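In my numbering, the protein residues as written are 76 to 197. We put the beta carbon where it would ideally sit given N, CA and C, even for glycine. Predicted model, so just to flag it, every value in this text is computed and none were measured. This report concerns only the one structure given below.
As structure tokens, this is what we get:
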């Protein structure tokens, strides 16, 4: 999930384990996260996993949180700014510059087909 309203990148504990990241990669640092309802959730720590998006490799910090979520991670403003990305909630995609031109990441394949089949007017 790309969320330009999130001041942090969030990686959920189940995704952390699913990625095969080792426990020693986790820097134990408890950070309180405050949700919209005012609920406070403590993080398990921080991790800097390797990130690859359409030819771009970057390192960005994620806060690891042990709670249920319908997504694997939240890519917040730190990732968006590092990638010089432009998210679009209407199109459910994010675009960012690369040495090979603009690249696009879509939330699912059916959206990608719909958008790439249209002629781009720039």
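- Bridge partners of residue 128 according to DSSP: 131.
- For the options 156, 111, 91, the alpha carbon positioned closest to that of residue 120 is the one of 91.
- Between residue 139 and residue 88, the CB-CB gap stays under 8 Å.
- The region 152–180 is shown to contain whole alpha helix (DSSP H) runs of 4 or more residues at 152–157, in chain order.
- Collapsing the DSSP output to three states places residue 121 in a strand.
- Here residue 89 carries a helix assignment [DSSP, helix/strand/coil].
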